[in-house]
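Residue numbers (numbering that gives the first Met the number 0), protein chains in the order written: chain A, 0 to 264; chain B, 0 to 264.
Here's the structure we're looking at; comments come further down.
2 protein chains.
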Amino acid sequence: MPEDRIAGATDSGVAAGPAGAAPAAVRLRTPRDRARAQTEADIVRLGREHLALHGAAALSLRAVARDLGVVSSAVYRYVESREELLTLLLIDAYNELGDAVDAAVGAVPEEDFGGRFAALGGAVRDWALREPSRYALLFGSPVPGYRAPAERTTGPGTRVITALIGILDGAFRAGRLAATGRRGPAMAAGLAGDLAKIRAEFGLAVPDDLLARGALAWTSLFGAVSFEVFGQYGPGTFTAREELFGHHLAVLADVAGLPAAGAAR
Amino acid sequence: MPEDRIAGATDSGVAAGPAGAAPAAVRLRTPRDRARAQTEADIVRLGREHLALHGAAALSLRAVARDLGVVSSAVYRYVESREELLTLLLIDAYNELGDAVDAAVGAVPEEDFGGRFAALGGAVRDWALREPSRYALLFGSPVPGYRAPAERTTGPGTRVITALIGILDGAFRAGRLAATGRRGPAMAAGLAGDLAKIRAEFGLAVPDDLLARGALAWTSLFGAVSFEVFGQYGPGTFTAREELFGHHLAVLADVAGLPAAGAAR
DNA sequence: AAATAACGAGAGCAGCGCTCTCCCATTCAG
DNA sequence: CTGAATGGGAGAGCGCTGCTCTCGTTATTT
C-alpha cells in the first residue's frame, strides 16, 4: 500500500484532528506526539551537523539514522526523502542567516543607513565564513536534480534582500540616498518595467536608477562573499580579506548612493 | 600490487620512453598509443556531456563507462578516480571559458577599454548561461571532499582575471582609467600590501585604489552571473535579465574607472 | 476490549566508487 | 622469430547510498 506515504504526510507538523478543523498549531498532548516532535527536531539537528561538517552532497539519510540510533528505513517515517531533509535544512539556514542579518542591522541606529548597510554585509560574510557548507547550500551551485519548493523557501529566502531594500528605501525617504555625481546608464524598457513592478510590490519610493544600483550592490555583496567562501581568491593573492571586503562594502555603499557609515544625519 | 597504479601514472599523457629523456610530446606511433589517446579523449568528451546534462554531483564513472561500451573497472586504466576526471573537466571548462573570453575581448579594438570590459563580461555571462553545470563546477560550491590540484588548474583558472587585469592596466597606461569623482575609502595596511604584491607579480602600473576597484568589478561580475545562473533572482522579479546585466556592467565599468564602451580615444 | 494508526527492524533492490584477480592481445627484447 | 613484459578489458566483490516493502510491536482512539 504505497498510500501510507501520502497518509504519512498528515503527520508532518500540521496534524489535522479527526474533526478536520483542528488548529494547525503543534499539539503535543500525547507522549507519541512529543516523541515525534523530538525526533523531527533531532533529525534536523543531526542533518545540520552533517551538512556543516561534510557538505550538502555528502548528506546521507543513513548516516543521520545511525547517529539517531535507528535503522535507516525508520527515518522515512519522518522525512519523505533526502530532498525533503535538504529543504528543511535550506529553510533552517535561510532563517539563521536572516536572524543574523536582522540582529546586526537592528543594532545600528535606524538613521545610520550606511552603517546599517555595512552591518548587513558584515553579517552575511561572518555567517558565511562560519557556516561555509550551509552558505554553499543557499548560494552555491544548486544541488543537481533538486529544486527547492518555492512556496516553502521564498519567505525565509528573501529576508536578506528584504532587509537591504528596507535600508535603501528608508534612506531614500529620509533624503539621504543620492545618485553619485555621474549619471547611471540609460534604463532599458524591459528593465524599467521590472523595476516598476518591484517598486509596486514592495511599496517603494526609490527611483529606477537607484533601485537598479541597489540590485547591483546586492549581487555584488554575495559575489564577494562567495569568492571568499568558495576559495576563488588564490591562496597567495589576497590575505587581508576582511580589509578587502571592507573596501568593497564601502565602494558598494557609494555605488548604491548610501552615505558613509556613521555619517551625520 | 598497488604500485601498478603509480606505474600507470607514467602512461597518462607524458609518456617517457625507456631511455628516459624521450620528448614529452604525444607519441602516437603504435596503434595502441593511438587507441589510448582516443579513449582518453572519449572519456573527457563523455564526461563533459554528462556534466553538462546532469551536473557535477551526478557525474558517474560507471555511467561514462556504459556510454563508452566498456565495463566500469576498465576506465580506471585511464582515469585514476572520479576526482581525476573532475579535474580534467575543470581544466577543460576553464579553458573553454578562457577561449570564449579571449575571443570576445580580442574582437574589440584594443583602445576601446570600456568595450573590451563589456565584451569580457558578456562572454562570461553567455558561456555561463550556455553551460550552467560547467559554470557551477568552476564557480559554484566546491564539490565536497574535492579540492582542485592548484598546480594543474591555476593556469587555466586565472585566464579571465588575467584578461581583466590586462584591460585595466592597459587603460591606466593609456591614461584612460580615472577614479570617479568621489574618492574611494582609505586603503588599510594589509590590503595595500596585497595590492603591492599583485602589482609586482603582474608588472602593473595601476595604483591601489583602482586595483581594488578592479577586484570589486571582478567579484561583482561573477556575483551577477552566479545569481542569474543559480536562480537567485526569483521567477517573477527580474525578467529583462540581459538588460539588468547590461546595466550592472555599465555601472561596474564606471566603478572600475573605465570609460564607457566605444568612448572616443 | 477491539480496531486503528504509528513506528522500528530487517531484508532487499539498484546504483555508486573503487579494488583485485584473471586472461587475452599487443608490444618489445633477445 | 620466439619468449617475456606490458596494456587493457571482464568480472566478481566490498561497502556505501536512497528508497521500498513487509512484519511484528506498541500506543492511541473508538
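Backbone N, C-alpha and C define an ideal beta-carbon position, used for all residues, glycine too.
Quick caveat, the model's predicted, so the values are computed rather than measured.
* Asked: Using a Cβ-Cβ cut-off of 7 Å (strictly less than) and excluding sequence neighbours within five positions of A:D91, which residues of its own chain qualify?
  -> Close CB contacts of A:D91 within its chain, under the 7 Å cut and outside five residues either way in sequence, are with V43 and R47 (chain order).
* To do: Just mark B:Q231 as buried or exposed, buried being the case when its beta carbon has 16 or more other beta carbons within 10 Å.
  => The residue in question, B:Q231, is buried, as its Cβ has 16 or more Cβ neighbours within 10 Å.
* To do: Sort A:L119, A:G121, A:T157 and A:A118 by Cα distance to A:A137 and report the nearest one.
  => The sequence shown places Leu at residue 137 of chain A, not Ala. Looking at the Cα atoms, A:T157 is the closest of the given residues.
* What span of residues does the alpha helix (DSSP H) with B:E39 cover, start to end? -> First-last of the alpha helix (DSSP H) with B:E39: P30 to H53.
* To do: Starting from the beta carbon of A:I197, find every residue of chain B whose beta carbon is closer than 9 Å, and list them in chain order.
  => Chain order gives the chain B residues near A:I197 as T236 and F237, where near means a beta carbon separation below 9 Å.
* Are B:F112 and B:A170 close, meaning C-beta to C-beta below 9 Å? -> Yes.
* **Pick from A:A73, A:L85, A:L257 and A:H53 that is closest to A:R151, judged by C-alpha positions** => Nearest option by C-alpha distance: A:L85.
* Scan the segment 29-47 of chain B for residues whose Cβ lies nearer than 7 Å to a Cβ of chain A and list them as they occur along the chain. => Under the 7 Å Cβ criterion, the segment 29-47 of chain B contributes no residue.
* Asked: Applying a beta-carbon distance threshold of less than 9 Å, which residues of chain B neighbour A:E242?
  -> Those are M186, A187, A188, G189, L190, A191 and D193, listed as they occur along chain B.
* Asked: Using the beta-carbon of each residue, which ones in chain A are nearer than 7 Å to B:G275?
  -> The structure shown does not extend to residue 275 of chain B, since chain B is modelled only from 0 through 264, so no value can be given for it.
* Drop a sphere of 10 angstroms on the beta-carbon of A:R61, count the other beta-carbons inside from all chains shown, and report buried for 16 or more, exposed for fewer. => Its Cβ having fewer than 16 others within 10 Å, A:R61 is exposed.
* To do: Just the C-alpha distance for A:A223 and A:D32, rounded to the nearest angstrom, thanks.
  => Roughly 45 Å separates the two Cα atoms.
* Applying a beta-carbon distance threshold of less than 7 Å, which residues of chain A neighbour B:T153? -> Simply G233.
* Assign A:A234 to one of three DSSP states: helix, strand, or coil. => Note that residue 234 of chain A is Pro in the sequence shown here, rather than Ala. Here A:P234 carries a coil assignment [DSSP, helix/strand/coil].
* Start and end of the alpha helix (DSSP H) containing A:S80? -> Unbroken run through A:S80: none, as it is neither H nor E.
* Residues of the segment 116-150 of chain A with a CB closer than 8 Å to any CB of chain B: list them in chain order, please. => Along the segment 116-150 of chain A, going in chain order, the ones with a CB nearer than 8 Å to a CB of chain B are S132, A135, L136, F138, G139, S140, P141, V142, P143, G144 and A149.
* **Cα-Cα separation, A:A185 to B:E241** => A:A185 and B:E241 have their alpha carbons spaced roughly 14 Å apart.
* **Spatially closest choice to B:L190 from A:L243, A:D208, A:A187 and A:G165, by CA coordinates** => It is A:L243.
* Asked: Which same chain residues, not among the five before or five after B:A177, have their C-beta less than 6 Å away from its C-beta?
  -> Within the same chain, G256 come within 6 Å of B:A177 by CB-CB distance, once the 5 residues on both sides are set aside.
* CA-CA distance, A:G114 and A:G121? -> CA-to-CA, the gap between A:G114 and A:G121 works out to about 10 Å.
* Asked: In whole angstroms, what is the alpha-carbon distance linking A:V78 and A:Y145?
  -> Taken atom to atom, the span from the alpha-carbon of A:V78 to that of A:Y145 is near 16 Å.
* So B:D208 is in the alpha helix (DSSP H); what residue range does that whole segment cover? -> Run containing B:D208: D207 to V228, per the alpha helix (DSSP H) assignment.
* Closest by C-alpha distance to B:A195, when choosing among A:G235, A:L89, A:Y93 and A:R35 -> Residue A:G235 is the option with its Cα nearest to B:A195.
* **Distance CB(A:A99)-CB(A:V228) smaller than 9 Å** => Not a contact, by the Cβ cut-off of 9 Å.
* Asked: Under 8 Å Cβ-Cβ, which residues of chain B neighbour A:H49?
  -> Ordered by position in chain B, no residue passes the 8 Å Cβ test against A:H49, which lies about 11 Å from the chain.
* To do: Would you list, in chain order, the members of the segment 57-81 of chain B that have their beta-carbon closer than 7 Å to a beta-carbon of chain A?
  => If the cut-off is 7 Å between Cβ atoms, the segment 57-81 of chain B has A57 near chain A.
* **Contacts of A:L215 in chain B (Cβ-Cβ under 8 Å)** => What A:L215 touches in chain B: S219, A223, H246, H247, V250 and L251.
* Asked: Within 10 angstroms of its Cβ, does A:E130 collect 16 or more other Cβ (buried), or is it exposed?
  -> Buried, by the Cβ-count rule.
* Kindly say whether B:A211, judged by its beta-carbon, lies nearer than 9 Å to any beta-carbon of chain A. => By this cut-off, B:A211 is an interface position.
* Do the CB positions of B:H246 and A:A199 come within less than 9 Å of each other? -> Between B:H246 and A:A199, the C-beta gap is not smaller than 9 Å, which leaves the two residues out of contact.
* With DSSP collapsed to three states, give me the class of B:A23. => Unreliable positioning characterises B:A23 in this predicted model, as indicated by a pLDDT of 37, which lies under 50. The coordinate reading is nonetheless provided below. Here B:A23 sits in coil by DSSP.
* Asked: Looking at C-alpha atoms only, which residue of A:L58, A:W217 and A:F226 is the closest neighbour of B:W217?
  -> Out of A:L58, A:W217 and A:F226, A:F226 has the C-alpha closest to the C-alpha of B:W217.
* To do: For B:L203, count neighbouring Cβ atoms within 10 angstroms of its own Cβ and tell me buried if that reaches 16, exposed if not.
  => B:L203 is classed as buried because its beta carbon has at least 16 other beta carbons within 10 Å across all chains shown.
* For B:F116, I'd like the list of residues in its chain whose CB is within less than 6 Å of its CB, leaving aside the five on either flank, ordered along the chain. => For B:F116, where only same-chain residues beyond five positions count, the Cβ hits under 6 Å are I166, A252 and L257.
* Examine chain A for any beta-carbon lying closer than 9 Å to the beta-carbon of B:A262, and answer yes or no. => By this cut-off, B:A262 is not an interface position.
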